[in-house]
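Heads up: take any position in the sequence shown, counting from 1, add 570, and you land on my numbering.
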Amino acid sequence: MNSIYLASGSPRRREILENLGYRVERLAAEIDETPQAGEAAADYVRRMAEEKNAAAVAAWQAQHGGFPAYPLLTADTTVAYQNCILGKPEHETQAAEMLSLLSGTTHQVLTAVCVYWQGETRCTVQQSDVAFKPLGKGEIADYIRSGEPMDKAGAYGIQGLGGVFVEHLQGSFTGVMGLPVFETVALLRDFGLNVPPFVR
């Protein structure tokens, strides 16, 4: 089984990698995730993934020295509406505001993936367009009471209860979940690393 370091606490990213056949070891990567003034969503999400990657590599080298034994992957996902970045809600009122904003509209979900291996880092950004059905106040309140929105960018999870709000998706389902499989495997393959055996 191939091994990979994942500098993310996301159980969804871990599950996706394990489903691809990787043995996942988690590393910590704590950074300031505050967007910069006027920062575009695509620039922000790439910067977050790159900074997480650099922090994880630096922590590894400070503790062990040399290169990590396995490829090191970081990722960051953000939701953007009219290029306004919607992060994880800090409280239920903010979650309701986000869901109301997304109601009946199309927004973007951007996920940046970075892979570090043997001194080199490569990154990519995947974007999906997600159309929400119109949401009633009762639907929003009930969804928030489920607790699902509170640790999700944009206050919803497409792989969970929030998936019932999605009328149309153009892009990558796994990208909206937090780790686009196609782009992730392509990065690993570009490094000459092992990928699922049926991928050419």
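We put the beta carbon where it would ideally sit given N, CA and C, even for glycine.
Residues bridged to residue i (per DSSP)
i, result
"E690", "W687"
"R596", "L576"
"H738", "A701"
"D646", "A682"
"I655", "A650"
"Q696", "T681"
"T676", "A701"
Reference residue i; option with closest CA among the options
i, options, result
"M668", "P581, Y651, V695, P766", "Y651"
"F702", "V683, Q740, E690, P638", "Q740"
"P581", "K622, G708, R596", "R596"
"A619", "F752, T604, A632", "T604"
"L731", "L749, H738, D712, G748", "D712"
"A607", "S578, E753, I655, W687", "I655"
"A776", "V736, D760, G689", "Since the displayed the chain opens at 571 and closes at 770, residue 776 lies outside it and no answer follows."
Anticipated Cβ contact below 8 angstroms, residue i with residue j, distance rounded
i, j, result
"V594", "E600", "19 angstroms between Cβ atoms; not a contact."
"L643", "L576", "5 angstroms"
"I586", "T691", "Actually they are not in contact, since the Cβ atoms of I586 and T691 sit about 20 angstroms apart, beyond 8 angstroms."
"N653", "A723", "That pair is no contact at about 15 angstroms."
"A626", "V695", "About 19 angstroms separates the two Cβ atoms, so there is no contact after all."
Residue i to residue j span [Cα, whole Å]
i, j, result
"V679", "N764", "28 angstroms"
"G727", "G674", "17 angstroms"
"L671", "V649", "12 angstroms"
"V755", "P704", "35 angstroms"
"N572", "Y592", "5 angstroms"
"A628", "C693", "17 angstroms"
"A729", "W687", "Correcting the residue identity first, residue 729 is Gln in this sequence and not Ala. Approximately 30 angstroms, taken between the alpha carbons."
"Q633", "G762", "27 angstroms"
Contact set for residue i: own chain, Cβ-Cβ below 6 angstroms, skip 5 residues either direction
i, result
"Q697", "Q678, L680"
"E662", "I714"
"D646", "V615, M618, A619, A682"
"I710", "A666, L669"
Nonlocal neighbours in the same chain, by C-beta distance under 7 angstroms from residue i, ignoring five residues either side
i, result
"P659", "A665, M668, P719, M720, A725"
"L758", "P641, V685, V765"
"D699", "T676, Q678, Q740, G741"
"R583", "L576, A645, G748, L749"
"K622", "A577, A599, I601, T644, D646"
"E753", "V683, T694, Q696"
Short CB-CB distance (under 9 angstroms) between residue i and chain B
i, result
"N623", "The structure shown contains no chain B, having only a single protein chain."
Residues of its chain near residue i, where Cβ-Cβ distance is below 8 angstroms and the 5 sequence neighbours each way are ignored
i, result
"G733", "G727"
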